[in-house]
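S.K.:
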Amino acid sequence: MAQTSLLEPQPPRKRVAVLLPLPFPCPLDYAAPPALADSLPPGAIVSVPLGGRRETGVVWDQTPLPPDLTPPPPPEIADSRLRAVSTLVDAPPMPEMLRRFIDWVAAYTLAPPGMVLAMALRPHLLGTQAGPRSGWAAAPTLPEGLRMTPARRSVLAALEEESPLSGAELARRAGVGAAVIRGLADAGALLAALLGPIAPFAAPNPDHNPPVLSGAQDVAATALRALTREHRFSATLLEGVTGSGKTEIYLEAVAECIAAGRQALVLLPEIALSAQWMERFARRFGVTPATWHSEIGQRARRLTWNAVGDGSAGVVVGARSALFLPFRDLGLIIVDEEHETTFKQEEGVTYNARDMAVVRARLANAPVILASATPSLETLNNVETGRYGHLVLPSRHGGAAMPTTRLIDMRMAPPPRGRFLSPALIDEIGSTLARGEQAMLFLNRRGYAPLTLCRACGQRMECPHCTSWLVEHRKRKILCCHHCDYRQPIPETCPQCGAEHSLTAIGPGIERITEEAEETFPNARVLVMASDTVGGPAAIAEAVERIAQRDIDLIVGTQIVAKGWHFPHLTTVGVVDADLGLGGADLRAGERTIQLLHQVAGRAGRAEAPGRVLLQSYAPEHPVMEALVSGDFRTFMEEEARQRQPGFWPPFGRLAALIVSSENPEAALDTARRLGRAAPEAPGIEVLGPAPAPLGLLRGRHRHRLLLRTRRAIAVQPILRQWLAKVKISAGVRVDLDVDPVSFL
Ligand SMILES: [Zn+2]
Ligand SMILES: [Zn+2]
């Protein structure tokens, strides 16, 4: 036999391309063993040998992409060197739509496709392990001679109210430990029972509680319903001031989608803070939606993944990673607060979930709705050029007026030395509290003070690993780096000159404002809301509840208080440092400051009492401040557009950043310079840099930046690919690509 095969040419082995969740530039070829040859269609999950180990990957078929985005073909592997697929993994295949989406994201961001796959595959593999859920019901007749205790009685009483219940839920409701339930089961008083679908996967009822809509709202809702019915790709900006009822209106599109039997995905910028959003959804549809974000547990993750895959989860509300769920029939995507920079993932695969949501919708032939009170210039430009539709809600819902906004010129009437609240602001808050209303102080800076300085020698306390000052957290008695989380105790003596008690806090953080507010308003009940003080979603929900119940008079918060909350008794908002976001070289500093402060201002006066907003500023003539006072964002954005247009800054041109970093400063500089020398040269293409990054040192890595800027008609991806192919990257040096950068640090 061996001789025959030597004489006769071997038939070519059947090949399959397998994409592995690893940073390779393309899928790898494997041989399909005869036994598996017919069971390896694209999407099949397989185990393959790689070096000396096994890896799990997906049988891949390449997406036809636009020429600009098409990666170079992979090198051919000779038949003789092919290794065979080991086994077919018992998991549902990855749907084609998701494979197309992964290819798109990889091609657009220039991330290795395997790294994009990794984001989708991890939950996919979890999804294979979920079985039906079982719980406990009471036996029809209790066994004779059952010894009753108060704990056992409490378990049986809980099951009389609702049955069956999962073990954990039963223990919680009865207020007993797991041993009590086990004991009852062993005694034959409880029987195992299969549980129905858990609440997040119960079907939302589109007719449960439809809203009563007014003129402009009705027009917008009808238009969105029509687009959703059409079931083809479209993108629409839904623009309306805070409180204008955007959520109610896009939920009508969701209702239409559910009625058509398709699935809807809603992306929120801060999913962990969405308790109030969930309530609104439940009021409208009678059930809560499925959720997807990093804080849901392993089991919920498995169940959700399965429910999305088999279509039993009708609506998913999630963070950006929800885009990678295996929807069975996606009929609608909504991106709420589309201008939020949190949609941009900055670590690993750097993608903008807002933009990739548009791609996902296009692949699914579904409409996408982008909602915002202060749309990004990118989205406004897409409206202007006719790529996106536009629906506008002109006023606040329910007759509530927009708050009035007033500037406090800090040069004219500054606070006393070492203080940060001006007399005018203190007056206004004092009278608000006297009327029994709530007030809020906003400062987007955690900790006590952003800088600690030695009065004797001028030494500034800096992070040893980053180009960054250490932020004092006085309550925790530490100095902390907000970039790498390095922390040290607050020293007694200056580490530079040895002077005692010479270290002074410079500038305010939220802790310091709280201290000042408590001294100024000793009778006010103060609540501090910052990401590092309130804790997880449950704690935040509790804080919000206390505010709604009027257990709180004065809220002091960072940007987490800005996010879509409805505080009916809050009438006065004071912005401690309205100029804070305007420093630095960020292209969008003005736009972002407007977006954030408008959102903060929107917390005031959402019920009957009129709201007022006070902005403390040292630059009250700045166009951002003028726009905040007049409420005329359109004029401000038109001016922004006029400034960006001649230089071809986004959205009139395209940007991609190259961040060169290394622990070795010379190696980083050398690679950055060689990249600079090899920079592409052509009409409409420009390279800025290399230059030391503003964050020149981050987590011990020395960083340089280059910025590629092209005319809008020129795609950056092929240019970047060719550019990087020309330069050898030294060992220990990393070049991170950031297409459409949002951060310039
Ligand atoms: Zn000193
Ligand atoms: Zn640091």
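Under our numbering, think of the first position of the sequence shown as 11, with each following residue one higher. Glycine included, C-beta positions come from ideal geometry on N, C-alpha and C.
#1: Spatial neighbours of Leu-46 within its chain, please: CB distance less than 7 angstroms, with the 5 preceding and 5 following residues excluded, ordered by chain position.
#2: Could you tell me which of Ala-310, Phe-295, Arg-484, Met-420 sits nearest to Thr-301, measuring between CA atoms?
#3: Fully enclosed by the region 495-551, which beta strand (DSSP E) runs are 3 residues long or longer?
#4: Just to confirm before moving on: does the CB-CB distance between Phe-334 and Pro-105 stay below 9 angstroms?
#5: Within the chosen definition, does the region 343-354 reach the region 373-382 through at least 3 CB pairs nearer than 8 angstroms?
#6: His-218 to Ala-226, Cα distance in whole Å?
#7: Tell me whether Asn-392 sits in a helix, a strand or coil according to DSSP, three-state version.
#8: Do Gly-686 and Pro-700 have their beta-carbon atoms positioned less than 9 angstroms apart in this structure?
#9: For Gln-355, write down the residues that DSSP places opposite it in a beta bridge.
#10: Give every residue of the same chain whose Cβ lies closer than 7 angstroms to the Cβ of Ser-753, excluding the five residues on either side of it in the sequence, and list them in chain order.
#11: Nearest CA to the CA of Ile-306: which residue from Phe-295, Ala-148, Val-327, Arg-290?
#12: Return the residue from the list Ser-284, Arg-109, Thr-80 that minimises the CA-CA distance to Pro-52.
#13: Tell me which residue opens and which closes the beta strand (DSSP E) that Asp-563 is part of.
#14: Does any heavy atom of ligand 2 sit closer than 8 angstroms to the C-beta of His-493?
#15: Drop a sphere of 10 angstroms on the beta-carbon of Asn-392, count the other beta-carbons inside from all chains shown, and report buried for 16 or more, exposed for fewer.
#16: From Ser-640 to Arg-239, what does the alpha carbon distance come to, in whole angstroms?
#17: Pick helix, strand or coil for Ala-381, following the three-state DSSP scheme.
#18: Quick one: what does DSSP say Glu-696 is sitting in, helix, strand or coil?
#19: Since I believe Glu-388 is in contact with Pro-660 (beta carbons under 8 angstroms), could you give me their beta-carbon distance rounded to a whole number of angstroms?
#20: Closest by CA to Leu-313, which one among Pro-133, Thr-442, Thr-477?
#21: How many angstroms separate the CA atom of Leu-590 from the CA atom of Asn-454?
#22: Go through its chain and collect everything with a Cβ distance to Ala-140's Cβ below 7 angstroms, but skip five positions before and after it.
#23: Taking DSSP's pairing of strands, which residues face His-712 in a bridge?
#24: Please tell me whether, using a cut-off of 8 angstroms, the distance from the CB of Arg-470 to the nearest non-hydrogen atom of ligand 2 is below it.
#25: Using a Cβ-based criterion (distance less than 8 angstroms to any ligand heavy atom), does His-483 qualify as near ligand 2?
#26: Taking 8 angstroms as the line, does the beta carbon of Ala-509 fall inside it for any heavy atom of ligand 1?
#27: Taking its Cβ as the centre, do 16 or more other Cβ atoms sit within 10 Å of Val-222, making it buried, or is it exposed?
#28: With a threshold of 16 other CB atoms inside 10 Å of the CB of Asp-89, please say whether the residue is buried or exposed.
#29: Hey, would you say Val-566 sits closer than 9 angstroms to Ile-516, going by beta carbons?
#30: Would you say His-400 touches ligand 2, meaning its beta carbon is less than 8 angstroms from a heavy atom?
#31: Below 8 angstroms, is the gap between the Cβ of Leu-679 and the nearest heavy atom of ligand 2?
#32: Can you find a heavy atom of ligand 1 that lies under 8 angstroms from the Cβ of Cys-476?
#33: Heavy atom of ligand 2 less than 8 angstroms from the Cβ of Leu-166, yes or no?
#34: Taking its Cβ as the centre, do 16 or more other Cβ atoms sit within 10 Å of Glu-170, making it buried, or is it exposed?
#35: Spell out the partners DSSP gives Asn-362 in its beta bridges.
#36: Only counting the same chain, and skipping five residues up and downstream in sequence, which positions put a Cβ closer than 7 angstroms to that of Pro-728?
M.R.: Let's see:
#1: Val-95, Leu-98
#2: Ala-310
#3: 497-499, 513-516, 536-539
#4: no
#5: yes
#6: 23 angstroms
#7: helix
#8: yes
#9: Gln-355 is not bridged to any residue.
#10: Glu-356
#11: Val-327
#12: Arg-109
#13: Counting along the chain, Asp-563 falls outside any beta strand (DSSP E), and DSSP gives it neither H nor E.
#14: yes
#15: buried
#16: 39 angstroms
#17: strand
#18: strand
#19: 6 angstroms
#20: Pro-133
#21: 8 angstroms
#22: Legend: pLDDT at Ala-140 = 47, less than 50; position of this residue unreliable, no value from coordinates given.
#23: Ser-672, Leu-707
#24: no
#25: no
#26: yes
#27: exposed
#28: exposed
#29: no
#30: no
#31: no
#32: no
#33: no
#34: exposed
#35: Lys-354
#36: Asp-78
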